[in-house]
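Notes for the one structure printed next.
Residue numbers (my numbering): 615 to 936.
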């Protein structure tokens with residue numbers, strides 16, 4: 615479950631945006647976090663600015679894994695804020711604790727021999743294929759059986775969907791949402807390659823896209839709640855143990871798909887549509903935050919850094935029997 619504060623920061627890490635939407639409890643938590651490290655009762659906009667810097671420039675400096683960049687970035691910011699390097703470092707190394715949602719529970723653990731159903735989501739060009747392959751290989755090295763699948767499937771309905779995505783046949787968003795629902799039911803119940811069959815046989819499943827994509831993409835042009843209801847209320851469609859959303863700047867995603875693909879799908883042609891889709895994903899996550907296990911990963915960082923964080927999250931779901 616995502617904290618409300620984390621959702622705000624991921625959606626738009628600016629003082630103006632977060633300040634307007636921050637609840638009273640999270641504001642108090644931020645003030646307490648700042649005062650514990652600085653022993654200063656600073657005006658709240660400065661507290662928030664410092665916190666958001668930790669989430670952005672501070673994180674970027676740490677992700678470079680270069681001590682010179684890290685020290686230089688922190689020295690400059692400490693001087694600007696009138697703080698010592700030690701205090702700013704303490705603030706940075708404790709800021710992530712504020713993302714622990716005070717309202718949420720902990721995702722249930724599964725026995726080590728019980729297969730996991732993991733979904734990857736993200737914009738086209740966000741690196742889902744790469745991270746899925748890396749996670750699959752790591753789980754296999756640990757002795758787990760892993761099956762990788764994707765939506766739309768290779769079924770007849772999946773073919774109709776791909777015709778639409780390729781712009782060979784135009785359909786209304788609600789019609790496309792209905793096709794995805796039909797394809798998803800088949801994906802769950804097929805007696806040979808269905809999700810339920812594979813899980814029953816003891817394999818972890820890693821799925822590239824699931825109903826979250828329907829909510830984000832078709833939800834832009836149709837009634838979002840209707841799409842959510844018909845998927846979540848369908849008894850044949852099972853809930854994943856974990857949804858990993860790879861969050862990448864839409865401009866970077868657009869550059870990737872433009873350079874890597876000779877034919878763009880309908881949701882890849884316009885960077886503005888990609889930006890709207892990203893925002894829609896976050897609207898969806900807010901709606902599902904109390905019922906789904908969703909983790910948002912900053913995938914603008916180096917591939918190996920992202921892969922390590924994903925593996926840590928996945929392993930946290932598994933209860934060791936030894």
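By construction, the Cβ of each residue, glycine as well, lies at the ideal position given by its N, Cα and C atoms. Owing to the predicted nature of the structure, the values given are computational and were not obtained by experimental measurement.
Given a threshold of 16 other Cβ atoms within 10 Å of its Cβ, counted over all protein chains shown, does residue 707 qualify as buried or as exposed?
-> Around the C-beta of residue 707, fewer than 16 other C-beta atoms lie within 10 Å, and the residue is accordingly described as exposed.
So, using beta-carbon positions, are residue 665 and residue 709 closer together than 8 Å?
-> In this structure, residue 709 lies closer than 8 Å to residue 665 by Cβ.
Extent of the continuous beta strand (DSSP E) run through residue 736 = Looking at the DSSP string, the run of the beta strand (DSSP E) that includes residue 736 is 731-736.
Out of curiosity, what's the CA-to-CA distance linking residue 720 and residue 781?
-> Legend: pLDDT at residue 720 = 47, less than 50; position of this residue unreliable, value from coordinates given subsequently. Straight-line spacing of the CA atoms in residue 720 and residue 781 works out to 42 Å.
From this set, 766, 863, 700, which residue's C-alpha is nearest residue 736's C-alpha?
-> When each option's Cα is compared against that of residue 736, the closest is 863.
Collapsed DSSP secondary structure at residue 763 in the structure displayed = If DSSP states are grouped into helix, strand and coil, residue 763 belongs with the strands.
What first and last residue would you give for the alpha helix (DSSP H) that runs through residue 867?
-> That run of the alpha helix (DSSP H) goes 864-874.
Host beta strand (DSSP E) of residue 825 (start-end) = Looking at the DSSP string, residue 825 is not in any beta strand (DSSP E); the run it does join, the alpha helix (DSSP H), is 825-831.
So who's on the other strand from residue 857, going by DSSP bridges?
-> Residue pairing for residue 857: DSSP places it in a beta bridge opposite 733, 908.
With C-beta atoms as the reference, is residue 733 less than 8 Å away from residue 824?
-> Contact: yes.
Integer Cβ distance of residue 621 from residue 900, believed to fall under 8 Å | The C-beta distance from residue 621 to residue 900 rounds to 6 Å, short enough to meet the 8 Å contact threshold.
For residue 880, name the three-state secondary structure that DSSP assigns.
-> DSSP places residue 880 in coil when its eight states are reduced to three.
Residue 655 and residue 649: beta carbons closer than 8 Å?
-> Yes, the Cβ-Cβ distance between residue 655 and residue 649 is below 8 Å.
Under the three-state DSSP convention, the category residue 623 falls into | In the three-state DSSP reduction, residue 623 falls in the helix class (H, G or I).
In terms of residue numbering, what span does the beta strand (DSSP E) encompassing residue 841 cover?
-> Not the beta strand (DSSP E): residue 841 falls in the alpha helix (DSSP H), residues 838-846.
Nearest CA to the CA of residue 870: which residue from 859, 927, 884, 746?
-> Ranking 859, 927, 884, 746 by Cα distance to residue 870 puts 884 first.
Taking the DSSP output, what are the residues bridged to residue 724?
-> Residue pairing by DSSP places residue 724 opposite 932 in a beta bridge.
DSSP state of residue 819, grouped into three classes?
-> If DSSP states are grouped into helix, strand and coil, residue 819 belongs with the strands.
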